[in-house]
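K.L.:
Dropping the structure in here first, questions after.
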Ligand SMILES: [Cu+2]
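Numbering (this note's numbering), first residue to last: 368 to 788.
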């Protein structure tokens, strides 16, 4: 009786699991290790288009900046030594890349010039190809580290994929009307031809008594019956014709398209801009994550070497922007098109956020509190063998000037008492 119940329960569970329609809304960006998102590429000033609905063939542009974090995780390969490629994170070939620029220059291949500590301008332009709802992000793929994804937006593409056109003018001057269908007949014909050859060869052998009759021939050493003189002739004819077709087609193609170049696999050179001496420096005393309250508290010494008094307005880590709503310049710095699940206005509190005077060093507590820590699955940083955080701190003066400071350090979990509040 018990066993029957168990079997029934298991069956019901299987049915439940397989019958629930799965709706997949992201593509795994939250599954990346927190240290990979907090201590590698810091995407900031990312500009998204206001429009969220596009027709097939429409262009979408995302631009902004990224800084390579100074405290690059030890387990990852160092950028510069590792090849780096700017791309886009989209679910499948839903968009095609029209332009990829770093520091104003096209970067069609990977590069070894993306270096720790430096800032880069980037721009990606995509063309909508396949209709649907897609989450799109800029992305930096680093050899040995993986793809590191920037903030993303949800866009809807309408229309039909059949209308998608990608035209191109090649070096000989010839214009290709649509790369999607260019020479498709030739491609299909060649595939069909080789499939037909392979199938007829297989059928030639399969169309006679198989296995047991042939096993008996092998057993009786009747080699002449196993492979007849006709078989040999057919084999030779096939061998000669296959080789002739391959050579003939090669010679014909070479004559028809005399000018060809191979696919390019070289590295692009990116012009690095010099690293700017930070006007504001931050030295972290203590980092603590209060687990039940989803709060990161950073106790730090801030030194102001700028000419004007400054206030801390934003702490940015893993694409999340914790913003102090009492600093108008920090709030004004949030673009209206920026996705609201990353821009968390009001989630940053600072123990003493009166202006830090030029030349002053002050110990302050920055408290970044939001359920986004949990939602973005960043709490996993506490389970890492090297539990540290990283990010950028944005300070603002009264004139609205912004100063960026690097921040990072070890982090301790706190499961019990509230901190700061
Ligand atoms: Cu996404």
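Every residue gets a Cβ at the ideal spot worked out from N, C-alpha and C, and that includes glycine.
Per DSSP, which one or two residues make a beta bridge with residue 666?
P.N.:
DSSP lists 653 and 732 as partners of residue 666.
K.L.:
Please check the pair residue 698 and residue 478, which I expect to be a contact at CB under 8 angstroms, by giving their CB distance rounded to whole angstroms.
P.N.:
Residue 698 to residue 478, Cβ: 36 angstroms. No contact.
K.L.:
What residue range does the beta strand (DSSP E) around residue 504 cover?
P.N.:
Per DSSP, residue 504 belongs to the beta strand (DSSP E) from 499 to 509.
K.L.:
Report buried or exposed for residue 546, applying the criterion of at least 16 other Cβ atoms within 10 angstroms of its Cβ.
P.N.:
Residue 546 is exposed by the Cβ-count criterion.
K.L.:
When DSSP builds the beta bridges, which residues end up paired with residue 514?
P.N.:
Bridge partners of residue 514: 508.
K.L.:
Could you have a look at residue 767 and say whether DSSP puts it in helix, strand or coil?
P.N.:
Three-state result, residue 767: coil.
K.L.:
Reducing DSSP to helix, strand and coil, say where residue 611 ends up.
P.N.:
In this structure, residue 611 counts as helix in the three-state DSSP scheme.
K.L.:
May I ask you to verify whether the segment 628 to 637 touches the segment 649 to 667, counting CB pairs closer than 8 angstroms and requiring at least 3?
P.N.:
No: the two stretches stay apart, fewer than three of their Cβ pairs being nearer than 8 angstroms.
K.L.:
Report yes if the C-beta of residue 519 is less than 7 angstroms from at least one heavy atom of ligand 1; otherwise report no.
P.N.:
Under cutoff, so the answer is yes.
K.L.:
Is the beta carbon of residue 773 less than 8 angstroms from the beta carbon of residue 437?
P.N.:
Yes, the pair counts as a contact, with Cβ atoms nearer than the cut-off.
K.L.:
Roughly how many whole angstroms lie between the Cα atoms of residue 579 and residue 590?
P.N.:
Approximately 15 angstroms between the Cα atoms of the pair.
K.L.:
Report back the beta-carbon spacing between residue 762 and residue 680 to the nearest angstrom; my notes put them in contact at under 8 angstroms.
P.N.:
With 8 angstroms as the limit, residue 762 and residue 680 qualify as a contact, their Cβ atoms being about 7 angstroms apart.
K.L.:
Going straight from the alpha carbon of residue 639 to that of residue 518, what length do you get?
P.N.:
So the two alpha carbons sit approximately 23 angstroms from each other.
K.L.:
Pick from 780, 775, 758 and 778: whose alpha carbon is nearest that of residue 433?
P.N.:
Of the candidates 780, 775, 758 and 778, the one whose C-alpha sits nearest the C-alpha of residue 433 is 758.
K.L.:
Can you tell me whether DSSP reads residue 716 as helix, strand or coil?
P.N.:
Looking at residue 716 - three-state DSSP - the assignment turns out to be strand.
K.L.:
With DSSP as the reference, label residue 782 as helix, strand or coil.
P.N.:
Here residue 782 sits in coil by DSSP.
K.L.:
Among 644, 664 and 670, which one has its Cα closest to the Cα of residue 650?
P.N.:
Among 644, 664 and 670, the Cα nearest to that of residue 650 is on 670.
K.L.:
If you run the structure through DSSP and keep just helix, strand and coil, what is residue 398?
P.N.:
Note: residue 398 maps to helix in three-state DSSP.
K.L.:
Whose CA, out of 503, 485, 644 and 483, lies closest to the CA of residue 492?
P.N.:
Of 503, 485, 644 and 483, the residue nearest in Cα terms is 503.
K.L.:
Going by the CB atoms, is the gap between residue 522 and residue 564 shorter than 8 angstroms?
P.N.:
Cβ atoms of residue 564 and residue 522: not closer than 8 angstroms.
K.L.:
In angstroms, rounded to a whole number, what distance separates the CA positions of residue 702 and residue 414?
P.N.:
C-alpha separation (whole angstroms): 7 angstroms.
K.L.:
I want to check one thing, is the minimum distance from the CB of residue 396 to the heavy atoms of ligand 1 below 7 angstroms?
P.N.:
For ligand 1, at least one heavy atom lies less than 7 angstroms from the Cβ of residue 396.
K.L.:
Looking at the structure shown, is residue 405 part of a helix, part of a strand, or coil, going by DSSP?
P.N.:
Of the three classes helix, strand and coil, the one that applies to residue 405 here is helix, per DSSP.
K.L.:
Spatial neighbours of residue 412 within its chain, please: CB distance less than 8 angstroms, with the 5 preceding and 5 following residues excluded, ordered by chain position.
P.N.:
Around residue 412: 431 and 432.
K.L.:
Please determine if the segment 763 to 770 and the segment 415 to 427 are in contact, where contact requires at least 3 C-beta pairs separated by less than 8 angstroms.
P.N.:
Too few Cβ pairs lie closer than 8 angstroms, so no.
K.L.:
Which class does residue 647 belong to by DSSP, given the choice of helix, strand or coil?
P.N.:
Residue 647 falls in the strand class under three-state DSSP.
K.L.:
Taking the C-alpha atoms as reference points, what is the distance between residue 527 and residue 498?
P.N.:
Taking the straight line from one Cα to the other gives about 6 angstroms.
K.L.:
Could you tell me the distance, in whole angstroms, from the CA atom of residue 531 to the CA atom of residue 628?
P.N.:
C-alpha separation (whole angstroms): 27 angstroms.
K.L.:
What does the alpha-carbon distance come out to for the pair residue 643 and residue 549?
P.N.:
So the two alpha carbons sit approximately 48 angstroms from each other.
K.L.:
How about residue 500: is its C-beta nearer than 8 angstroms to some C-beta of chain C?
P.N.:
Within the model displayed, chain C is absent; a lone protein chain is all it includes.
K.L.:
Restricting to Cα atoms, I'd like to know which of 705, 690, 730 and 722 is closest to residue 760.
P.N.:
The candidate whose alpha carbon is nearest that of residue 760 is 690.
K.L.:
In the DSSP assignment, what are the bridge partners of residue 521?
P.N.:
Residue 521 is bridged to 502.
K.L.:
Here's the rule I'm using: 16 or more other beta-carbon atoms within 10 Å means buried, otherwise exposed. How should residue 558 be labelled?
P.N.:
When all chains shown are included, residue 558 counts as exposed.
K.L.:
So for residue 642, helix, strand or coil by DSSP?
P.N.:
Three-state result, residue 642: coil.
K.L.:
Report back the beta-carbon spacing between residue 401 and residue 456 to the nearest angstrom; my notes put them in contact at under 8 angstroms.
P.N.:
Wrong, their Cβ atoms sit about 18 angstroms apart, outside the cutoff.
K.L.:
How far does the beta strand (DSSP E) with residue 417 in it reach, from first residue to last?
P.N.:
No beta strand (DSSP E) contains residue 417, which DSSP labels as neither H nor E.
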